[in-house]
Structure formats: C-alpha cells, structure tokens
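*Asks:* Quick one: the structure is below, questions incoming.
In our numbering, the protein residues as written are 230 to 605.
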C-alpha cells in the first residue's frame with residue numbers, strides 16, 4: 230500500500246520540470262518531498278496502529294488466559310486457612326486491598342512499565358535477560374552474538390563518570406569465572422520454574438473453572454463429572470498448541486474477551502447491588518488491619534493472594550510473539566480493569582454474606598446471581 234501511494238505521488242517523468250505534487254497544488258518544488266514523506270508517515274502510522282490492535286486482540290488468547298481466570302480461586306484459596314470473616318469486613322477488605330496492590334505493583338508497574346522494556350531485540354523471557362547481561366558484560370557460556378552487535382565494535386564510547394559503578398559491576402562479573410556458571414544455573418532454574426508453572430497452572434485453572442458445575446449439577450453427578458471433564462479439556466488445550474501461537478490466539482481470543490466482559494459486568498453488578506462502598510478497601514491501611522487481626526493465619530494466606538498474578542510472567546515470556554505496545558494496550562485497557570472489577574464485585578458480595586458453612590464456599594461462582602445458572 231505504501232509503494233502504491235509512493236508511485237502516485239512521485240512527479241511524472243515527462244521531462245517537464247516542476248510537474249510533481251508541489252506544482253499541482255501550487256506549492257514550491259521542495260514541498261513535493263515534504264508532502265510525500267508526510268503522507269507516507271500517515272499511512273505507516275495507520276498500519277502500525279492496525280497491527281497493534283490485531284496483536285493486542287491475539288494476546289488475549291495467548292498471554293492473558295491464565296491471568297484472566299485467577300478470580301476463580303483467589304478468595305477461595307485465601308480463606309482456606311482458618312480465617313473467619315467477621316461483620317466488620319476487615320478480613321474481606323484486607324484481602325481485596327492485597328489483591329489490588331499486588332496487581333498494580335507487579336503486572337501493571339513492574340511488567341508493563343519496566344520489564345517489557347528490557348527486551349533483547351524484541352524477544353522476552355529469562356534467556357533474553359541473560360543474553361542482554363552476557364552481551365554487555367562478556368560473561369556468556371553460550372554463543373549469543375547477534376547481527377546487531379557487529380556494528381558495536383566500530384564505535385568507541387568515552388566513559389561517563391556516572392557509569393563508573395556500572396563498569397565496576399561489569400568488571401567484577403567478568404573477573405570471577407565462577408559467577409558465569411552461577412548466573413547460567415540461576416537462568417536455567419528460572420526457566421524450569423516457568424516450564425513447571427506452565428504444566429501445573431492449567432490443571433489448577435481448568436479444575437477451578439469446571440468446579441463451578443456443582444451449582445448446576447446434582448451432588449452425585451458433580452463428583453463423577455468434574456475430573457473427566459477437566460482431563461478432556463486439558464488434553465484438548467495441549468493438542469491445539471502445535472497449530473502455532475497466531476492460530477491459538479485467534480481461537481481463544483474471543484473466548485477470553487467474552488469472559489473478561491462478562492466478569493466485568495458481573496463485578497459491576499455486585500458492587501452496585503451489594504456494597505457500593507467497597508472501593509474503601511483500596512486503602513493500603515486495610516492490609517495492615519488484616520494482618521493485625523488474623524496474625525499468623527493472615528501471613529499463611531498470602532500464598533493464596535499471590536495467585537491473583539498467576540500468569541503475569543507470560544507478558545514478558547511471549548513478548549517475541551507480539552509487541553510491547555500490543556501487550557501494554559491489552560492489559561491496561563481491558564485485562565487490568567476487568568480483574569479489578571471482578572475482585573471488587575466478589576468482595577462486595579462477601580461483605581454482605583457471612584453465613585457460609587465452610588470457607589471453601591467463598592469462591593467466584595457463589596457471587597453469580599442464581600438466575601444465570603442452568604440447572605441440569
């Protein structure tokens with residue numbers, strides 16, 4: 230498309246001087262080039278935004294699938310400890326405050342604002358960070374030289390006094406050979422953790438999603454249906470991976486998009502209907518009150534709260550499949566607001582219901598209106 234516009238705007242080759250765009254528009258001759266590149270810049274910007282929107286849409290099905298379903302089990306896992314939610318709602322508001330600030334500090338500020346910028350020529354992940362360190366400190370045990378590095382040797386940069394400390398760290402890393410091996414081992418351990426998370430988390434997430442059938446199925450049917458259905462879904466999900474990231478993204482993106490929109494609407498409904506003042510829990514002071522009142526059980530429940538950011542590492546690990554602007558756009562404009570509304574909606578519902586016979590009943594589906602259930 231850009232070449233077509235370029236051909237149309239070029240002066241005709243008739244030998245007549247000044248027969249280009251500037252003459253036609255009554256502009257000086259030098260205006261031809263300015264107008265040409267201005268028009269090409271507009272076309273490029275338009276195409277760039279279109280590509281970013283498509284990649285942001287695809288990222289919903291690849292990057293944010295795990296993170297988007299965390300509201301299914303966060304409150305349930307947090308209150309699995311011996312924590313009783315009282316009429317003052319300090320426990321519920323404390324958990325919501327922890328969840329809000331965890332999502333704000335880790336995925337939003339850490340990943341979107343900082344970590345995603347530390348890419349290695351567009352690639353993300355643990356080995357991308359390792360490659361950056363090795364290329365700048367010369368401590369690599371693996372070949373990692375790229376084409377972009379060939380031009381670096383032609384420049385001689387003067388040492389800036391402000392970077393003396395950074396140079397000392399570089400020399401220290403290059404001097405101690407044992408640190409090279411230790412750094413590589415840390416990278417391999419981190420990569421193994423990501424792989425382990427990719428194996429274990431889908432089982433927990435899918436099982437939590439299927440467990441919602443207990444509100445529609447009878448008790449006898451529910452006991453025998455949940456595990457087989459979970460296994461079938463997991464086998465189906467892993468079987469689709471060989472089709473590639475882009476196809477998987479287009480397949481699951483509409484599903485995740487519909488889920489986020491429904492979850493946002495449900496959360497907004499619960500906030501308005503049950504407790505419009507639940508926004509007060511965003512005050513960090515409620516975190517202190519939660520830990521003060523629950524004591525050691527509150528500290529033990531922090532593991533359940535950390536589940537709210539499960540899958541955040543995918544934003545950086547899958548950076549090479551998409552782009553920084555696409556992942557940033559999808560998270561800040563849709564995923565983050567939807568998650569906050571979902572958690573606030575659950576907290577608003579729980580703040581008005583304290584008659585659960587067990588803490589295992591404190592889950593996502595308990596806050597869904599009965600009219601939305603399909604009885605089987």
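Each residue gets a CB set at the ideal place from its N, CA and C atoms; glycine is no exception.
1. Would you identify the three-state DSSP class for residue 245, choosing helix, strand or coil?
2. Excluding the 5 residues flanking residue 437 on each side, which residues of the same chain have their C-beta closer than 6 Å to its C-beta?
3. Exposed or buried, which one is residue 350 when buried takes at least 16 other CB atoms within 10 Å?
4. Between residue 336 and the rest of its own chain, which residues show a CB-CB distance below 8 Å, the 5 nearest in sequence each way excluded?
5. Rounded to the nearest angstrom, how far is the Cβ of residue 498 from that of residue 345, given a contact under 8 Å?
6. Check whether the segment 278-295 and the segment 513-529 touch, using three or more Cβ-Cβ pairs below 8 Å as the test.
7. Which class does residue 349 belong to by DSSP, given the choice of helix, strand or coil?
8. Quick one: what does DSSP say residue 175 is sitting in, helix, strand or coil?
9. Closest to residue 490 by CA distance: which of 343, 415, 567, 401 is it?
10. Within a Cβ cutoff of 7 Å, which residues of the same chain sit near residue 536, ignoring the five residues on either side of it in sequence?
11. Using the Cβ count rule (16 or more neighbours within 10 Å means buried), how would you classify residue 506?
12. I want to know whether the segment 347-363 touches the segment 571-580 - three or more CB-CB distances under 8 Å.
13. When the Cα atoms are used, what is the spatial distance from residue 533 to residue 469?
14. Residue 592 by DSSP, collapsed to three states: which one?
*Replies:* Working from what's here:
1. Taking the first residue of the chain shown as position 1, residue 245 is located at position 16. For residue 245, the predicted model reports a pLDDT of 38, less than 50, meaning its position is unreliable and no value from the coordinates is stated.
2. As a working note, residue 437 is residue 208 in the chain shown. The residues are 301, 302.
3. If you number the chain shown from 1, residue 350 lands on position 121. Answer is exposed; the Cβ neighbour count stays below 16.
4. Residue 336 sits at position 107 when you count from the first residue of the chain shown. 296, 538, 541, 544, 560, 565.
5. Residue 498 sits at position 269 when you count from the first residue of the chain shown. Residue 345 sits at position 116 when you count from the first residue of the chain shown. Incorrect: roughly 33 Å between the Cβ atoms, too far for contact.
6. No: fewer than three Cβ pairs fall under 8 Å.
7. By one-based count along the chain shown, residue 349 stands at place 120. Residue 349 falls in the strand class under three-state DSSP.
8. In the structure as shown, the chain begins at 230 and stops at 605. Residue 175 is therefore absent and cannot be evaluated.
9. Here residue 490 is taken as the residue at index 261 of the chain shown, counted from 1. Out of 343, 415, 567, 401, 567 has the C-alpha closest to the C-alpha of residue 490.
10. Position 307 of the chain shown, counting from 1, holds the residue named residue 536. Contacts found: 299, 302, 303, 306.
11. Position 277 of the chain shown, counted from the start, is the residue given in the question as residue 506. So residue 506 ends up on the exposed side.
12. no
13. Locating residue 533 in the chain shown gives position 304, where the first residue counts as 1. Locating residue 469 in the chain shown gives position 240, where the first residue counts as 1. When rounded, the distance between both Cα atoms is 30 Å.
14. Position 363 of the chain shown, counting from 1, holds the residue named residue 592. Three-state result, residue 592: coil.
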